[in-house]
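In case it helps, the numbering used here puts the sequence shown at residues 6 to 141.
Glycine included, C-beta positions come from ideal geometry on N, C-alpha and C.
These notes concern the structure reproduced below.
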Amino acid sequence: MEMFRALKPTLIIELTEGNVNAYLLEHLDEFAIPEGFEDPRVVFGDGYVEMSARTKVLFVATRVKVQMKPQIRDGFLSLPATKVRAGKIPVPSAFFRNIAGTITAVINQALAQNSMQLTRVEIVPGRVRGTAVVRP
């Protein structure tokens with residue numbers, strides 16, 4: 006491991022939308038999704054991450070969508086919201102904060118535990134690719 010760190014390799018990790026959504030569905034209890042919201046989903050677009058969930062307002066089903074643009078701060082991932090779409094439906098900030106917070110916490114914890122620094126995040130439709138450098 007010492008030699009591995011001394012070489013300071015660059016690692017590229019790629020995740021698919023399908024893998025992230027499967028994890029989300031299998032671990033719903035970890036995300037603290039607000040009451041009344043169900044069927045959460047993550048979509049990777051061209052440069053953005055979109056989280057959504059179904060809810061009902063006066064017997065009308067609708068999907069609330071929150072777009073986020075990934076940022077790197079001090080070598081760690083941040084997912085600030087850039088666009089919220091739900092028509093006239095109020096969107097509890099807890100909806101996207103809980104999911105984004107859980108996703109970034111898992112990624113950032115793995116980076117910290119392995120002495121890695123995130124240097125790049127690239128999002129293309131259906132995939133996200135992160136580049137990290139191992140610190141000595």
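Residue nearest to Phe64 in terms of C-alpha spacing, selected from Phe81, Gly41, Pro85: Here residue 64 refers to the residue found at position 59 of the sequence shown. Answer by Cα proximity: Gly41.
Phe38 versus Ala105: straight-line alpha-carbon distance, rounded: Along the sequence shown, read from residue 1 onward, the residue named residue 38 stands at position 33. Along the sequence shown, read from residue 1 onward, the residue named residue 105 stands at position 100. The sequence shown places Ile at residue 38, not Phe. Using only the alpha carbons, I get a separation of about 11 angstroms.
Delimiting residues of the beta strand (DSSP E) encompassing Glu127: Taking the first residue of the sequence shown as 1, we reach residue 127 at position 122. Per DSSP, Glu127 belongs to the beta strand (DSSP E) from 121 to 129.
Proximity of Gln122 and Ala137 at Cβ, strictly below 8 angstroms: The residue you call residue 122 lines up with position 117 of the sequence shown. The residue you call residue 137 lines up with position 132 of the sequence shown. For Gln122 and Ala137, yes; Cβs fall inside 8 angstroms.
Distance, Arg125 Cα to Ile18 Cα: Within the sequence shown, residue 18 is the residue found at index 13, counting from 1. Within the sequence shown, residue 125 is the residue found at index 120, counting from 1. Going by the C-alpha atoms only, they are around 11 angstroms apart.
Beta-carbon proximity of Phe49 to Gly131, cut-off 8 angstroms: On the sequence shown, position 44 is the one that residue 49 refers to. On the sequence shown, position 126 is the one that residue 131 refers to. Closer than 8 angstroms, so yes.
Simplified DSSP assignment, three categories, for Ala105: Indexing the sequence shown from 1 puts residue 105 at position 100. For Ala105, the three-state secondary structure derived from DSSP is helix.
Span of the beta strand (DSSP E), counted from its first residue to its last, around Glu19: Numbered from its first residue, the sequence shown carries residue 19 at position 14. 15 to 21 is the extent of the beta strand (DSSP E) around Glu19.
DSSP-derived helix/strand/coil call for Leu116: As a position in the sequence shown, residue 116 is number 111, starting the count at 1. Leu116: helix per DSSP, three-state reduction.
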